[in-house]
Amino acid sequence: MTLDNNVLRKRTSLLGSLLGDAISRQSGEQTLDTIEALRKGFIQQRREPNEANKQQLIDFIASLDNQTLKNVIRGFSIYFFLANLSEENYLREQRQAQRLQSEHSWEGSFRRTLLECRERNIEPAQMQELIDQLKFMPVFTAHPTEARRRTTMNILQSLFTHSDALNNLTENSFAYEQAKEQTAQTIDLLWSSDEVRTRKPLVYDEINNGLHYFNASLFSAIPKVYRNIKKAIIDIYPELTDYPLPAFISFGSWIGGDRDGNPFVTFETTERAVLMHADTVLRHYQVLLKKLRRQLIHSDTIVTIQPEVYAKIESYGELDKRVFDYNPDDYSNEPYRRLISIILTKVKATNRRIQSQGTDVEAEKDAYRNPEELLEDLRIIRQSANTHDTAHAEGLLLDVIRLVKTCGFHLAALDIRQESSYHSEVITDIFASASNLPDYQTLSETERQEWLTRLLEKPGTPLIYTDNLGDKTREQLALMNSVATLRKLVGPDTFGSYVISMTNNASQLLEVLLLMRFAGLCTVDADGQLSADLPVAPLFETIEDLKNIDQILPAVLDNPLYRGLLQNTDNTQEIMLGYSDSSKDGGIITSAWQLYSAQQTINKIAEQYGIKTRLFHGRGGSVSRGGGSTHKAIAAQPAGTLHGQVKVTEQGEVLYAKYANTDTAVFELTMGITGTLKACSSRFVVQPTELPDYEALFARLADDGEQRYRELTDRTEGFYKFYSQVTPVQEISLLNIGSRPAHRKKGLPSKTTLRAIPWVFGWSLARFTLPAWYGVGSALHSVKKDEALMKEMNAKWPFFSVFMSNIEMAFTKANMNIAEAYSQLCDDEPLRKQIMTAVTDEYALTNSGLNSLLEQDSLLSSQENLAASLQWRDAYLDPINYIQIELLKRARQAEGSDDSENLQVEDPLIRSINALAAGLRNTG
480 MTLDNNVLRK RTSLLGSLLG DAISRQSGEQ TLDTIEALRK GFIQQRREPN
530 EANKQQLIDF IASLDNQTLK NVIRGFSIYF FLANLSEENY LREQRQAQRL
580 QSEHSWEGSF RRTLLECRER NIEPAQMQEL IDQLKFMPVF TAHPTEARRR
630 TTMNILQSLF THSDALNNLT ENSFAYEQAK EQTAQTIDLL WSSDEVRTRK
680 PLVYDEINNG LHYFNASLFS AIPKVYRNIK KAIIDIYPEL TDYPLPAFIS
730 FGSWIGGDRD GNPFVTFETT ERAVLMHADT VLRHYQVLLK KLRRQLIHSD
780 TIVTIQPEVY AKIESYGELD KRVFDYNPDD YSNEPYRRLI SIILTKVKAT
830 NRRIQSQGTD VEAEKDAYRN PEELLEDLRI IRQSANTHDT AHAEGLLLDV
880 IRLVKTCGFH LAALDIRQES SYHSEVITDI FASASNLPDY QTLSETERQE
930 WLTRLLEKPG TPLIYTDNLG DKTREQLALM NSVATLRKLV GPDTFGSYVI
980 SMTNNASQLL EVLLLMRFAG LCTVDADGQL SADLPVAPLF ETIEDLKNID
1030 QILPAVLDNP LYRGLLQNTD NTQEIMLGYS DSSKDGGIIT SAWQLYSAQQ
1080 TINKIAEQYG IKTRLFHGRG GSVSRGGGST HKAIAAQPAG TLHGQVKVTE
1130 QGEVLYAKYA NTDTAVFELT MGITGTLKAC SSRFVVQPTE LPDYEALFAR
1180 LADDGEQRYR ELTDRTEGFY KFYSQVTPVQ EISLLNIGSR PAHRKKGLPS
1230 KTTLRAIPWV FGWSLARFTL PAWYGVGSAL HSVKKDEALM KEMNAKWPFF
1280 SVFMSNIEMA FTKANMNIAE AYSQLCDDEP LRKQIMTAVT DEYALTNSGL
1330 NSLLEQDSLL SSQENLAASL QWRDAYLDPI NYIQIELLKR ARQAEGSDDS
1380 ENLQVEDPLI RSINALAAGL RNTG
């Protein structure tokens, strides 16, 4: 899809002009003049580099006071909001146009994918089998790289609608001028509201932010996705016209369930998250039911209604009387409306029952016990309507049915995540409270497994005979009890998996199962068969842990009790792979290679033990954290590793980029689903015959890249001092974008104490983007004599080509001139020179290596749309970067002075981080 950049530039220019008018009106002409001087100055600097002119611009920035800098940053930040919105809208229009003009539509669309399936001789029965096993599960997480307030997101959503109307009207027409005025008013509102939070968000706020996307787009997008694939099936596989689609989309969330490193997530937080999920979806069902009641106005004096409808109304006799006590004859000849009124009352009662946690006796009497009861009532109406009005039977009514099948009463399955050592501490405390149990800390790994297995084999719920337990133990046991209660209240799909981060031993899975036993979440039947209500998913994150999967998994699968547990849960073991920490640990190439190898290893182990696996990919927004095209990344996974199911995290600014509006959400869900479909078909995933040679070369690349990466990050004395001084990593904690602390421990950050997200975020803001490419150039150079084989790999091996394409995109966002300017913040000149020499040398190697491998003269030559998008952004990012450098100097000079002076610097500094995140997009 080739974009007309002139059209896009014109649209963005109009929004920019309206923004300029708003700034001039509200903040004065001088503010606008300052912004324009910097904008034009840095654009000119890009076109004709001149050191003297650049220094003049830097000096001009240094002369501006903090309030002026705040306004300047806001101007650029909001411009990026508008430009991103314009770009997104234009891409959506182009997809629509392509769909209308071409029978193939765009790559990754349902139509194109199913046509490709036909061309590969996938028969209707095989296609049905593929869709039957299909499961696409995005999991929302609250990682701190999404800096927008929900208020700002709502304004941008309105602006998207207004600008969309503007783009489709004749210029200078009355309707166009009206739309332009509405757009201008909304931009005025955007400028006069604060896009940066004034306080650090609570976990409650983060839960609300995650739920925002369901109301903003997903409740509308989900039924559209099902409609789109059904239409493509009917067109391309007419033999499957009557095939009932399964609910292959389900959502998950970590927000309110992920307690790893976040002391603010407690069992009460988890309870609140579940209740908020249920309230959101059940309120939406009420809105849809009211719409249905306005639509299904069929009278039995005109059409024949099936007897099942009357029977269902009659079965609700007492409730029917209460609902219509104001007028017993209301809807007496419109049975659909009468039954929908009863259904609506029952859905309201269901929500009251859940929100009261089962204490509302009246609600208990009328509530649905589970989503299947609601679906049964809706299906009765649909079956009857289909006999006389197919259009309405297959319209909104079918959409509601599909939404209930997808979201139930729980909306999104809440995963619980905790770090492995936390559970070990709790188990140690519990063992210490029982005189007949050994000192858990002193036990070997084998002994731990033996004792845990012995306790798990015992029937009944374990008892604790003391109140003298530590705070962590009390919290953990309260969590388990809360999970058990909420599952009974809302339904078995309320929770997803129990994820154990930093898994490095088999005993850590057994520890969680034992903790579940205290709440009845894990039980043993009379035959000694173990079962658990939540699947336990080990998370392998570091390079070492990924390498040790072949030791850890067999150790737990060799346990007969655990193997029996899997047989009770569809014989499926969920395993999560962490992209962030593995990349931070060993560099981008070795992370990719170890993740690839881990999947191959998992597949072999699964075959050996006769089990199925579901891989949970912990991807972030940036390339160094597994980011990039979801469709291509999924489709390029190693053959035979997906088994029809993909579970993947959606983090940080990715949530807004994918789900801010309905059309984009439909597109993104479609791309993920079709990527999964392709990855699960042997007709698409054909491994090249030379794969062993390719893998051997990739392994060499990984080794060489890792050595170069570790030379800098592990073996360069003072490296983390340099990092903390030249990037805004210390200042990121000021930005009110996440409830979780950025550091695991206080003090100078190090690889072990710093979380992966701020690690990436800091390097991105300073325009190094170092985690996304450092080591790649050396690796490519080290195998230069095998470049012909590498080019062949790039042409024939999707995994490698997708990986290199993502590296190229992330590397293009690095800017050594800007990085050099940030490096001047380091107060140790020999250290600065040493590190910058290493970085610039590696940058040059990576630039030449990528261009040589991809057989091009310059970066992104084959990705013109992306190149154009990044090119215009650079000129607008430059002034923000130089302003941020100035503000970092002021902030660090102001340390220790009075609070008012600190706050004057902190405010524009926080906004500069926000602005760069908007401009760079996938920052962390």
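This note's numbering runs 479 ahead of the 1-based position in the sequence shown.
Note that beta-carbon positions come from the ideal geometry of N, C-alpha and C, so glycine has one too.
Note that this is a predicted model, so its numbers are computed, not measured.
Top-ranked residue by Cα proximity to residue i, from the options
| i | options | result |
| --- | --- | --- |
| residue 881 | 705, 1086 and 832 | 705 |
| residue 1136 | 498, 652 and 571 | 571 |
| residue 724 | 1312, 1333 and 608 | 608 |
| residue 844 | 856, 827, 854 and 757 | 827 |
| residue 1024 | 979, 1240, 767 and 1004 | 979 |
| residue 1252 | 955, 839, 1322 and 1310 | 1322 |
| residue 1197 | 741, 1160 and 1307 | 1307 |
| residue 955 | 1143, 1069, 649 and 749 | 749 |
| residue 565 | 1367, 1121, 639 and 621 | 639 |
| residue 1033 | 522, 1302, 1083 and 1069 | 1083 |
| residue 815 | 841, 872, 835 and 852 | 872 |
| residue 1007 | 933, 1022 and 1017 | 933 |
| residue 858 | 819, 831 and 842 | 819 |
CA-to-CA distance, residue j to residue i, given in whole angstroms
| i | j | result |
| --- | --- | --- |
| residue 513 | residue 556 | 15 Å |
| residue 1266 | residue 1335 | 14 Å |
| residue 493 | residue 711 | 37 Å |
| residue 891 | residue 675 | 28 Å |
| residue 1403 | residue 946 | Its pLDDT being 45, under 50, residue 1403 is placed unreliably by the model, and nothing is read from it. |
| residue 734 | residue 811 | 46 Å |
| residue 531 | residue 539 | 12 Å |
| residue 726 | residue 1145 | 15 Å |
| residue 1422 | residue 1052 | As displayed, the chain neither begins before 480 nor continues past 1403, which places residue 1422 out of reach and without an answer. |
| residue 765 | residue 737 | 30 Å |
| residue 683 | residue 754 | 11 Å |
| residue 1280 | residue 610 | 27 Å |
| residue 1276 | residue 592 | 19 Å |
| residue 667 | residue 732 | 35 Å |
Chain-order list of residues whose beta-carbon lies under 7 Å from that of residue i (same chain, five-residue window excluded)
| i | result |
| --- | --- |
| residue 901 | 951 |
| residue 511 | 499, 502 and 503 |
| residue 990 | 902, 903, 906 and 931 |
Nonlocal neighbours in the same chain, by C-beta distance under 8 Å from residue i, ignoring five residues either side
| i | result |
| --- | --- |
| residue 597 | 715 and 716 |
| residue 1159 | 609, 612, 613, 1121, 1122 and 1123 |
6 Å Cβ shell around residue i - same chain, five flanking residues per side excluded
| i | result |
| --- | --- |
| residue 489 | none |
| residue 1124 | 614 and 1093 |
| residue 888 | 757, 850, 969 and 970 |
| residue 1256 | 1321, 1324, 1325 and 1328 |
| residue 1414 | No statement about residue 1414 is possible, as the shown extent of the chain runs from 480 to 1403 and does not include it. |
Terminal residues of the beta strand (DSSP E) in which residue i lies
| i | result |
| --- | --- |
| residue 616 | 614-619 |
| residue 858 | Element bounds for residue 858: not the beta strand (DSSP E) but the alpha helix (DSSP H), 850-864. |
| residue 1051 | 1051-1057 |
| residue 489 | Looking at the DSSP string, residue 489 is not in any beta strand (DSSP E); the run it does join, the alpha helix (DSSP H), is 484-506. |
| residue 977 | 974-980 |
| residue 1009 | 1009-1011 |
| residue 1126 | 1124-1129 |
| residue 1091 | 1091-1097 |
| residue 1018 | 1015-1019 |
| residue 1339 | Here residue 1339 belongs to no beta strand (DSSP E), and DSSP marks it neither H nor E. |
| residue 897 | 892-898 |
Residue range of the unbroken alpha helix (DSSP H) whose run includes residue i
| i | result |
| --- | --- |
| residue 829 | 814-834 |
| residue 1279 | 1277-1291 |
| residue 886 | 875-886 |
| residue 551 | 545-580 |
| residue 932 | 924-936 |
Sub-7 Å separation of residue i and residue j beta-carbons
| i | j | result |
| --- | --- | --- |
| residue 1090 | residue 1044 | no |
| residue 986 | residue 1014 | no |
| residue 1235 | residue 1063 | yes |
| residue 817 | residue 833 | no |
| residue 1399 | residue 1203 | no |
| residue 1138 | residue 1098 | no |
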